[in-house]
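Undergrad: Handing you a structure now.
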Amino acid sequence: MGRSTRQKIPRWESSVWIGTLAALPIAVFLALLPWLADAEEAPPVARKPSLLFTEGEVGAIEKGQTIFDRLNGNPSAADSEAPSAAGTEETPLSTQPNVTVSAVMDFGNGDWTVWANGYRIRPGHQAPGFTVIAVRHDVVDILVPGEQEAHLRLKANQTWRSRHRDIVEGLAP
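The opening residue of the sequence shown carries number 434 in the numbering used here; numbering runs sequentially from there.
Set out below in structure tokens:
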């Protein structure tokens, strides 16, 4: 009556199970090896990857921006060897635009993007009516040409009002 009803597994049977479990990942890896060997490396990307758009969509957006700029008489630096003169020509004081900075992204090493007055501005791609001179962290230095040339330092969500010659928070009329 003192006998246990528990069966003992012979030692050799338990080692077979352990060996089988250990060999399973190796077998899966060997089965996937031909597929992994055929995988091609991704082509090198010339531009920074986008978090929002695929490579094809980024290309289409940039093509559209180039066409838009040509139609508005503001060729980008990629289209002409000389820098764009549209942002540096003299304009009368009454026609100086208000400048509203919506967003600033400084990626470092001279790579930045600024959204101002509805334009996406990058190195070599300026908006008409003003020129982005420098970007440091979240601050943008802007030159607005005219009779009274204006040197501005704006952050995101700030507007320079040309009539009042002041800077206000948010979008100003």
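No residue lacks a Cβ here, since even glycine has one placed at the ideal position from N, Cα and C.
Buried or exposed: E523, going by 16 or more other Cβ atoms within 10 Å of its Cβ?
TA: For the purposes of this step, residue 523 is taken as residue 90 along the sequence shown, with counting starting at 1. Reliability fails at E523, whose pLDDT of 42 lies under 50, so the model's placement of it is uncertain and the value that follows must be treated cautiously. Its Cβ having fewer than 16 others within 10 Å, E523 is exposed.
Undergrad: Go ahead and label D502 buried or exposed: buried means 16 or more other beta carbons lie within 10 angstroms of its beta carbon, across all protein chains shown.
TA: The sequence position of residue 502 within the sequence shown is 69, counting from 1. Answer is buried; the Cβ neighbour count reaches 16.
Undergrad: Taking the C-alpha atoms as reference points, what is the distance between N550 and I566?
TA: Within the sequence shown, numbered from 1, the residue matching residue 550 stands at position 117. Within the sequence shown, numbered from 1, the residue matching residue 566 stands at position 133. Answer to the nearest angstrom: the Cα atoms are 16 Å apart.
Undergrad: Could you tell me how far apart the beta carbons of V534 and Q498 are, in whole angstroms, since I believe they sit closer than 8 Å?
TA: Reading the sequence shown from its first residue, position 101 is the one you call residue 534. Reading the sequence shown from its first residue, position 65 is the one you call residue 498. Actually they do not touch by this definition, with Cβ atoms about 19 Å apart.
Undergrad: Out of curiosity, what's the CA-to-CA distance linking T546 and I600?
TA: Counting from 1 along the sequence shown, the entry for residue 546 is found at position 113. Counting from 1 along the sequence shown, the entry for residue 600 is found at position 167. Their backbone Cα atoms lie some 21 Å apart in a straight line.
Undergrad: DSSP three-state label for G489, please.
TA: Mapped onto the sequence shown, residue 489 falls at position 56. Looking at G489 - three-state DSSP - the assignment turns out to be helix.
Undergrad: Please state the DSSP three-state secondary structure of F563.
TA: If you number the sequence shown from 1, residue 563 lands on position 130. Reduced to three states, the DSSP call for F563 is coil.
Undergrad: Can you find the residues in the same chain that come closer than 6 Å, C-beta to C-beta, to A536, ignoring five residues on each side of it along the sequence?
TA: What you label residue 536 is simply residue 103 of the sequence shown in a count that begins at 1. Excluding residues within five positions, the ones whose Cβ falls inside 6 Å are W548 and A589.
Undergrad: From I554 to A455, what does the alpha carbon distance come to, in whole angstroms?
TA: The sequence position of residue 554 within the sequence shown is 121, counting from 1. The sequence position of residue 455 within the sequence shown is 22, counting from 1. For I554 and A455, the distance between alpha carbons rounds to 57 Å.
Undergrad: H584 lies in the beta strand (DSSP E); which residues open and close that run?
TA: Within the sequence shown, residue 584 is the residue found at index 151, counting from 1. Where H584 is concerned, the enclosing beta strand (DSSP E) stretches over A583 to K588.
Undergrad: Which residues does DSSP list as the beta-bridge partners of E602?
TA: Walking along the sequence shown from the start, residue 602 turns up at place 169. According to DSSP, residue pairing for E602 in a beta bridge involves Q591.
Undergrad: Quick one: what's got a C-beta closer than 6 Å to V577's C-beta in the same chain, skipping five residues either side?
TA: By one-based count along the sequence shown, residue 577 stands at place 144. Counting only Cβ-Cβ distances below 6 Å, and skipping sequence neighbours, we find Q529, F563 and A583.
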